[in-house]
Structures are given as C-alpha cells and as structure tokens.
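Asks: When you read off a place in the sequence shown, starting at 1, and then add 2, the result is the number in our numbering.
For glycine and all other residues, C-beta sits at the position ideal for the given N, C-alpha and C.
Note that the coordinates shown come from a computational prediction; the quantities given were computed from them, not determined experimentally.
Dropping the structure in here first, questions after.
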Amino acid sequence: KAGAEQPAAGPRAPVLLAAPSKAPCKPAVFIPVDRSPEIQEARLKLPILAEEQVVMEAINDNPIVIICGETGSGKTTQVPQFLYEAGYARDSILGKTCIIGITEPRRVAAVSMSQRVAKEMNLSHRVVSYQIRYEGNVTDETQIKFVTDGVLLKEIQKDFLLSKYKVIIIDEAHERSMYTDILIGLLSRIVPLRHKKGLPLKLIIMSATLRVEDFTANTRLFSAQPPVIQVDARQFPVTVHFNKKTPLDDYSGECFRKVCKIHRMLPAGGILVFLTGQAEVHSLCRRLRKAFPYQKNNTQCKVTCVPLLMCCFHLPSLSQTLPKIDLNNYSVLPPDEGDEDRDIDSDDDAAGSDLDLDLGDGDSEGDEKSDSSLPLYVLPLYSLLAPEKQAKVFRPPPPGTRLCVVATNVAETSLTIPGIKYVVDSGREKRRCYDRITGVSSFRVTWVSQASADQRAGRAGRTEPGHCYRLYSSAVFMDFEKFSAPEITKRPVEDLILQMKALNIEKVINFPFPTPPPTEALAAAEELLIALGALKEPPTTGRLNQQLAAKLSCPISPLGRVMATFPVAPRYAKMLALSRQHQCLPYTITIVSAMTVRELFEELDRPAGSEEEAAQLKGRRARFLQMQKVWAGQGPMQKLGDLMVMLGAVGACEYSGCTQEFCEQNGLRHKAMLEIRRLRGQLTTAVNSVCRDAGLYVDPKMKPPTEAQVTYLRQIVLAGLGDHLARRVQAEELLDDKWKNAYKTALLEDPVFIHPSSVLFKELPEFVVYQEIVETTKLYMKGVSAVEPEWIPALLPAYCHFGKPLESPPPSYCPGTGRVHCHRPSVFYRVGWQLPAVEVD
Ligand code: CDP
Ligand code: MG
Numbered sequence: 003k004a005g006a007e008q009p010a011a012g013p014r015a016p017v018l019l020a021a022p023s024k025a026p027c028k029p030a031v032f033i034p035v036d037r038s039p040e041i042q043e044a045r046l047k048l049p050i051l052a053e054e055q056v057v058m059e060a061i062n063d064n065p066i067v068i069i070c071g072e073t074g075s076g077k078t079t080q081v082p083q084f085l086y087e088a089g090y091a092r093d094s095i096l097g098k099t100c101i102i103g104i105t106e107p108r109r110v111a112a113v114s115m116s117q118r119v120a121k122e123m124n125l126s127h128r129v130v131s132y133q134i135r136y137e138g139n140v141t142d143e144t145q146i147k148f149v150t151d152g153v154l155l156k157e158i159q160k161d162f163l164l165s166k167y168k169v170i171i172i173d174e175a176h177e178r179s180m181y182t183d184i185l186i187g188l189l190s191r192i193v194p195l196r197h198k199k200g201l202p203l204k205l206i207i208m209s210a211t212l213r214v215e216d217f218t219a220n221t222r223l224f225s226a227q228p229p230v231i232q233v234d235a236r237q238f239p240v241t242v243h244f245n246k247k248t249p250l251d252d253y254s255g256e257c258f259r260k261v262c263k264i265h266r267m268l269p270a271g272g273i274l275v276f277l278t279g280q281a282e283v284h285s286l287c288r289r290l291r292k293a294f295p296y297q298k299n300n301t302q303c304k305v306t307c308v309p310l311l312m313c314c315f316h317l318p319s320l321s322q323t324l325p326k327i328d329l330n331n332y333s334v335l336p337p338d339e340g341d342e343d344r345d346i347d348s349d350d351d352a353a354g355s356d357l358d359l360d361l362g363d364g365d366s367e368g369d370e371k372s373d374s375s376l377p378l379y380v381l382p383l384y385s386l387l388a389p390e391k392q393a394k395v396f397r398p399p400p401p402g403t404r405l406c407v408v409a410t411n412v413a414e415t416s417l418t419i420p421g422i423k424y425v426v427d428s429g430r431e432k433r434r435c436y437d438r439i440t441g442v443s444s445f446r447v448t449w450v451s452q453a454s455a456d457q458r459a460g461r462a463g464r465t466e467p468g469h470c471y472r473l474y475s476s477a478v479f480m481d482f483e484k485f486s487a488p489e490i491t492k493r494p495v496e497d498l499i500l501q502m503k504a505l506n507i508e509k510v511i512n513f514p515f516p517t518p519p520p521t522e523a524l525a526a527a528e529e530l531l532i533a534l535g536a537l538k539e540p541p542t543t544g545r546l547n548q549q550l551a552a553k554l555s556c557p558i559s560p561l562g563r564v565m566a567t568f569p570v571a572p573r574y575a576k577m578l579a580l581s582r583q584h585q586c587l588p589y590t591i592t593i594v595s596a597m598t599v600r601e602l603f604e605e606l607d608r609p610a611g612s613e614e615e616a617a618q619l620k621g622r623r624a625r626f627l628q629m630q631k632v633w634a635g636q637g638p639m640q641k642l643g644d645l646m647v648m649l650g651a652v653g654a655c656e657y658s659g660c661t662q663e664f665c666e667q668n669g670l671r672h673k674a675m676l677e678i679r680r681l682r683g684q685l686t687t688a689v690n691s692v693c694r695d696a697g698l699y700v701d702p703k704m705k706p707p708t709e710a711q712v713t714y715l716r717q718i719v720l721a722g723l724g725d726h727l728a729r730r731v732q733a734e735e736l737l738d739d740k741w742k743n744a745y746k747t748a749l750l751e752d753p754v755f756i757h758p759s760s761v762l763f764k765e766l767p768e769f770v771v772y773q774e775i776v777e778t779t780k781l782y783m784k785g786v787s788a789v790e791p792e793w794i795p796a797l798l799p800a801y802c803h804f805g806k807p808l809e810s811p812p813p814s815y816c817p818g819t820g821r822v823h824c825h826r827p828s829v830f831y832r833v834g835w836q837l838p839a840v841e842v843d
C-alpha cells in the first residue's frame, strides 16, 4: 500500500508507551481510495504516513489511543483516511456503513478539514461531511464526519452510546476546551459500555503537544493507561527575534510596521501575523492592502438618510393594569427535538464581542505608502470567516505576489497554512474572562502562554527555515505562564452542568473530568440552576450533609430540558424559554443578543485631541443623550430601563438599514450593531429549528413592542436575572454616607450604584435587576431595569421563603419590620430584604 512507504526525510522512530503487539496486524479489509498523483505525493511527505502501521496496530489492539504530533504532521487529515482504508467505516458483520467521527474545537477546522479530506480521497461531500452549529452537509452516505465538540455532545444527549460511530477522534485535545474535556470524560464511560455490548467503539485522542498526563495518568478516567504514539514532525529551524521594547497598546500598528519591513527587505516567503480578533484582523488587512495594493477592493458605502423620527419606536400610552407572565408557560419547544449544536461560544474569537474601539487606524495609513512594487496578497483568517474565504489561504498566492495571512489564534494549531516563512506574533490573544462576582464573561486581550508563543513560532518552519518576530521582549516572554490552564477550571460552569444534567448525569461531582473544576464552582452552578428552575429542588429536610449531598445531584426539570436546547447561558436561556408568551420572542432574542455583545455605545467621554474634536464629541454626546431618552421610551416603557434603550437602539438602527452613518450620528458602535444582527439571526434560527411552529423569520427589522409586551419583558428579564436583583437602601436603613443612593445586592457586601450612564440613574427604583457589575471608582450596576416588588415572590419563588419570618434577626442595617414573607436564608435573608406582604396562592 502506497501509504505505508517512508517519506523522503526520515523522522525519528515513534515512541509507543504501551507494549507493542506481538504480530503485526493485517487489516481484515482494505478499502481502496482513488487519490490523484499530486495528492499522493504530498501525503507521502507527511510524517504521520511513516507511522501508519504503528498507529493502526495500536488502534487495533487498544480501545483508546493517544496520538501526539506537531501541527502539520498530518494527524487531522490522514488518521481518518487510515481508518477508512482499514474498514472502520463499515460494519464487517452487518455489512452496513458506520461513521468515523472527528471532533474539532473550532468550526473553521471542522469545515475546512472535511473539505480537504474529501478532496484528498476523491470522495464527495456526501461521504466526507461536516456538521457545525446550524450548518452541515451530512447525508445517509456519510462515513467520515467532522463535527465541533459541541455538536457531538448534543448527539450524545440523543444517543448516549453513539451507536452510529465506530471510531471517535477527539482532535486538538491539547487545547483543553471545555467541551473537549467533557467529551473525553463521557467517552471514558461510553467506550467500556460499548465493549460490553459487543459493539466496540475506538477512541483516539490527538494532541499537538506531548502534555497529555491529564489523560494518561488519571486513573479515574481510564482504567488502563492508553498508549501514546508520538509522531515527529519535520521541523526546520526557526530563528526567533524578540523586540527590544514591548508596545503596550498599539501592537496592531507594530504588526503593520513589521510586515512592511519584512515585505520590503526580506526574501520571498509567506508572512503569517497573529492578532487577537476579527476587527483587528480586518483593520490590519485594510492597512496592508492600502500600502501594497494587489487589487482594488474599496467598495463605496451607500449612504441612506432616514429622518430621525422614523427611526424611533413609536410609543403608545400607559395602560393601568400590569399584566403577568406565566412562569409555567415555557413550552417554547417540544423538548425532544433538540437543535444541532448549542455552542454559541465554542470558538474563542467567534462570539466576537470586539471590544476594541478600532477607530483611529484610518489616519496614519496615507503616509505609509510603500515603494515596493511587489504586491502583497493579504488574506484574513478567523473563525467566523465564510468557509470559501477561509479556503483561500490554502491555495498558492497569485504569481508575482507575496502571501500575507492575518489571523487570530485559529492559525496556531488547527490549520496549517502552506508556504509560511515569517511569523509576526503580537503575543496576544482574546480570551474570555469571567468575573468572579457576577459570573458574566467578557473578552479581554491577554498575553498568550509560552507554549502558544512557541506553537506560533513553529508555523514559520514548516517548509524551510524561517523567522519569527515576537513583538515583545524576551523578559516579557519569560513572564508568560508556561501553559494555559484548562478552560474548565477558569470559568463558571452552569451552562456545562445544565448540559450534563440534560445527559442525565446527576452526580456531576463524580464525573471523571480530566481536570475537575473547583467544587465551589460546581456548587454555585447547581444553586443557580435550582433557583432558575432548571433542576428539581433538593429536599430541605433530613440531615444537613444529606441535604448538601442531594443538592449536588439534582435531576434536570422539564424547564431545564427546554433551556438546555438554547445556545446561550442558562440565565438567558430561561428568558428565551418564557418568551413564547405574548409574542415576546423577537424582543427577548434582541435583548439577549445585545447583552451578549455589550459595548453597544460609543465612548463619547474620551479625551479629545483638538478643540475641534472636543466640540464634535460634545455635539455627538448631546445627540446621543437625546436619542437615549427616545429609545428608553416613556411611562411604563422606561422601566425596562437600559434594556429598553438597547432594544430601541437596535430597532432604530435596523430601520435605518444599520448604516455606518446612522451609528456614527447616534453614538452606536457600528460593529456591535452588525454583531447583534448576526447573533439575532443565529438565535432565531436556533429557536425555529426546535420550535417549527414558532414561525419566526430572520428579519432584523421588528415592530416596536407594545406597552404590555414591555411589561412582560421586564418580568421575563427578572425571571432570568433573579440572582442579580438589587434593592435600594432605604432612608431609615442608612448606615453612613457611603450608602447614600446605594443598592444592596445578594452577591456583595459593599454598596453598589446604578451606573451614571444608565437611564435609571436618576430614577432610583426600589428594586432593580442588573446585567453586570463593573468596578471603577465604585461598584456600578450596568444594564439595569426596574422591578415591581410584587413580582418577586411570584416570579422568583426559589429566592423567597413563604411563611413566618425567619427567627434569627436580619442584619443590623435593616430594621426588620416583620411584615414579610419573602426571604430565603441564601439570598434575601442575608441582605435583609423585606418585601411587602402579598397574597400568594
Ligand atoms: O493535524 P495536523 O496539524 O497534524 O496536520 P493536518 O492538518 O492534517 O495537515 C497536514 C498537511 O495538510 C499540512 O501540511 C497542511 O498544509 C495540508 N493541508 C492543506 O494543504 N489544505 C488543507 N485544507 C488542510 C491541510
Ligand atoms: Mg490537526
């Protein structure tokens, strides 16, 4: 078989940590593949080809095998082909087709790898297919299937034994994405179960680094230590150049200057630049194209002028009675009809909340015109880029040009771009960071780990000796963390726990995590899910430790099943689940999208460079404040507060056609608005795919909500953000001045305040819910909306205690009038919230 021939440059002998089998295994079947001579030639150069025999023997002899090999050694593209040829896509007994499944943490990789493998094997996309969230080309004939890890998790929810699969390959395991970790934990149980049933499933874990102890040395995970096969990649030397100084802010500008220098002064060879996010990638691409034009692709923006009033929501007048939503009406969808994938955030640059304001790169471009005659063929690469545009990076650049790919960390290990000789590394990546106080995530640009920086450098030495330019000093590099910690240890896990409960894994604490999350994180997640109604309440009788144990093993509730089908965090999922009522879905989808994107509004308080600019900013600010009032509406509308402003802003912006001009005039960030539009489309599709009769259609425009709908929306928001409830400290409760106008929250001892940018800043409603707390000079609540006190016992029963007031006295700042029926030791009692007595049936 051609595949078994040695490539020209012989790599080192593989390390097989397990005892090798006695006799070389002969494949029982051999399925011929018709590859073109060019493909065959290229394959033979891949280091993994030399190991085919070893790999296949190990897989034959062991249920679980780990393969480690440098990026580019051929793991992702070749191992599925080895398996296909050896008949793993056929059931030898029944003679029907089975599936070889490969999981990728990134959507980009799943799509592009399936296309590549189909091409190499000369098979159609009907046979080598992919499935990512909301998108895929899987058919009944599919035999090799690339999926994102979130998709496979979803499939396990439907068919725990994954009976259609004969092999599961977990790719990029070194990235330690949360879903990858969970999949490995689940598969460690599924593999023996399948073995017992006489339908063995093979598990192959592939990693670009040799750091696999968490999988091999973890006896809770695998009873027998799986063998590790090491594939040595042919790597040419890469000279690493550190910057003397480390630019603190303008690393994008530094990248630009470095690329210009390389292009003007150094010999031929592709350039790969690592930046942090989509916005930065595009902005650098624009600058480089302008400096070294290859083709004119400046499309003129069309300007549409829409009169102000047409862009605003029309606000009807106040109605007297406040309607109520029904907490038990969450039948948004038939629970068994799951959607395809829920990992809205599975790509690190995908959620794309680009916080960088990225305004000023236009100014300096003009004076950087190059005199180099060789055009630069500049291509962007990031997760959300359309697949056909991504595929461009694998093709040779047009003759007479130099390839320059500006990428996020997708190019670090998932994709190998041919012909790269120079790497320009900004040393940063965009990471999702979680606020310990509020659990709300945000994207922050941070330094990468040393391991990542080395991976990036390695991209330069794939085809010949290369150079890596690190835009930071070696001292800064020494301060980088060695490896990044697994994702699961760094983030709140309520969404994960909900998914696991949906898999009927009740005792989450006993789950064989490769690296377990902290117990407090697990407990906090269960508590939140119980309060949201996603899990069934644990018993409150019995011994304390029994109660505690029960608390960590609550089964999922019907509402929880509905929530688990939405690709958003549980708090937001609850809002969506309740929103079928009164046609609130389009509005909730918009609010949830806007809250996910954040930073909708332009920073108009920034210091101005000149008097002219200062005057301009002042004008825009005045205009923004005027618009903010319009968007917030009047009367009862206003009480939805900042969320109404978000809704109004998005509504108005969409009526204007979402143009740059409209955004600029009205203080909106155009990029954020486009992102919201995209997320709304995705969420609408998600709701439709599980709820066919919802009949929502993806049209960014929507009619303004009615007043009654706004009231329902306030209740829906309260039901989702219940643990983010805050109550203004009343005059008689004032301890000292620092509590003036302050709010008490369930999660913090300190006073928090409504953020001055909030429309409710002056209103100071007694009860509010907030989206997040930010800390600047004080602790400020952002995304605030007002709550009617009588809704609390009705909509947040889990946070209330109905009956006699608790015996122990409330904290001293609260006089405790004894008229309440509403507190639970956990939340309300602690902050001494005293609700007016209400009739509860
Ligand atoms: O998974 P691993 O990083 O070990 O390697 P791979 O992704 O299987 O890539 C093997 C080779 O195929 C690399 O040299 C890539 O450049 C090449 N490849 C390609 O030319 N076009 C693609 N769409 C994907 C991979
Ligand atoms: Mg790979």
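Applying the criterion that 16 or more other CB atoms from any shown protein chain within 10 Å of the CB defines a buried residue, is V770 buried or exposed?
Replies: buried
Asks: Residues in its own chain within less than 6 Å of I756 by CB, not counting five upstream and five downstream?
Replies: L762, F763, M783 and V786
Asks: Using 8 Å as the threshold, is the segment 236 to 249 in touch with the segment 210 to 220, meaning 3 or more CB pairs across them?
Replies: no
Asks: How should R397 be labelled, buried or exposed, when 16 other C-beta atoms within 10 angstroms of its C-beta is the threshold for buried?
Replies: exposed
Asks: So within the segment 155 to 219, which uninterrupted alpha helix (DSSP H) runs reach at least 4 residues, ignoring any that extend past its ends?
Replies: 180 to 198 and 215 to 218
Asks: Buried or exposed for H584, going by 16 or more other Cβ atoms inside 10 Å?
Replies: buried
Asks: How about Q640 and M648: are their beta carbons less than 8 Å apart?
Replies: no
Asks: I'd like to confirm something about R454: is its beta-carbon nearer than 7 Å to some heavy atom of the ligand MG, or not?
Replies: Residue identity check: residue 454 is Ser in the sequence provided, not Arg. Not one heavy atom of the ligand MG sits closer than 7 Å to the Cβ of S454.
Asks: Are F258 and L277 touching if we call contact CB-CB under 8 Å?
Replies: Not a contact, by the Cβ cut-off of 8 Å.
Asks: Does any heavy atom of the ligand MG sit closer than 7 Å to the C-beta of T221?
Replies: no
Asks: What do you reckon, is the C-beta of S179 under 7 Å from a heavy atom of the ligand MG?
Replies: no
Asks: Provide the residue span of the beta strand (DSSP E) that contains S131, from first to last.
Replies: V130 to I134
Asks: Counting Cβ pairs closer than 8 Å, one from the segment 473 to 482 and one from the segment 512 to 521, do we hit at least three?
Replies: no
Asks: So A527 and E489 are in contact, right, with Cβ under 8 Å, and what is the actual spacing, rounded?
Replies: Not quite, the Cβ-Cβ distance comes to about 15 Å (not below 8 Å), so this is no contact.
Asks: Are there three or more Cβ pairs, one per stretch, closer than 8 Å when the segment 28 to 46 is compared with the segment 76 to 91?
Replies: yes
Asks: Measure the beta-carbon distance from V1 to P767 and round it to whole angstroms, keeping in mind my assumption that it falls under 8 Å.
Replies: No answer is possible for residue 1: it lies beyond the span of the chain, which begins at 3 and ends at 843.
Asks: Following the continuous beta strand (DSSP E) through C406, name the residue where it begins and the one where it ends.
Replies: Run containing C406: R404 to A409, per the beta strand (DSSP E) assignment.
Asks: Which runs of the beta strand (DSSP E) fall wholly inside the segment 44 to 87 and span at least 3 residues, in chain order?
Replies: Listed in chain order, the beta strand (DSSP E) elements of length 3 or more contained wholly in the segment 44 to 87 are 66 to 71.
Asks: Identify every run of the alpha helix (DSSP H) within the segment 699 to 748, keeping only runs that are complete inside it and at least 4 residues long; order them along the chain.
Replies: Within the segment 699 to 748, the complete alpha helix (DSSP H) runs of at least 4 residues are 709 to 722.
Asks: Using only the heavy atoms of the ligand MG, determine whether one of them is closer than 7 Å to the beta carbon of S385.
Replies: no
Asks: Using a Cβ distance threshold of 8 Å, determine whether the segment 384 to 392 contacts the segment 403 to 412, with at least three qualifying pairs required.
Replies: Contact holds: three or more Cβ-Cβ distances are below 8 Å.
Asks: Report yes if the C-beta distance between L534 and K503 is below 8 Å; otherwise report no.
Replies: Note that the C-beta distance between L534 and K503 is not below 8 Å.
Asks: Cα separation between Q856 and P557?
Replies: Nothing can be reported for residue 856: it is not among the residues displayed for the chain, which extend from 3 to 843.
Asks: Go ahead and label T144 buried or exposed: buried means 16 or more other beta carbons lie within 10 angstroms of its beta carbon, across all protein chains shown.
Replies: buried
Asks: Taking all protein chains shown into account, do 16 or more other C-beta atoms lie within 10 angstroms of the C-beta of E613, making it buried, or fewer, making it exposed?
Replies: E613 should be labelled exposed.
Asks: Between T420 and the ligand CDP, is the CB less than 7 Å from at least one heavy atom?
Replies: For the sequence presented, residue 420 should be read as Pro rather than Thr. A distance criterion of 7 Å places the beta-carbon of P420 in contact range of the ligand CDP, judged by its closest non-hydrogen atom.
Asks: Let's test the definition: count the other Cβ atoms within 10 Å of the Cβ of H197 and tell me whether it reaches 16, buried, or not, exposed.
Replies: exposed
Asks: Go through its chain and collect everything with a Cβ distance to L185's Cβ below 7 Å, but skip five positions before and after it.
Replies: T105, D151, L154, L155 and I172
Asks: Return the residue from the list K260, E666, R573 and H284 that minimises the CA-CA distance to I273.
Replies: K260
Asks: Grouping DSSP H, G and I as helix and E and B as strand, with all else coil, what is K147?
Replies: strand
Asks: Would you kindly report the start and end of the unbroken alpha helix (DSSP H) that includes L498?
Replies: E496 to A504
Asks: Under 8 Å, do L473 and E282 count as touching if we go by C-beta distance?
Replies: no
Asks: Considering only heavy atoms of the ligand CDP, does any lie closer than 7 Å to the CB of G271?
Replies: no
Asks: Over what stretch of residues does the alpha helix (DSSP H) that includes P401 continue unbroken?
Replies: No alpha helix (DSSP H) contains P401, which DSSP labels as neither H nor E.
Asks: Hey, how far is the Cα of K740 from the Cα of R288?
Replies: C-alpha separation (whole angstroms): 49 Å.
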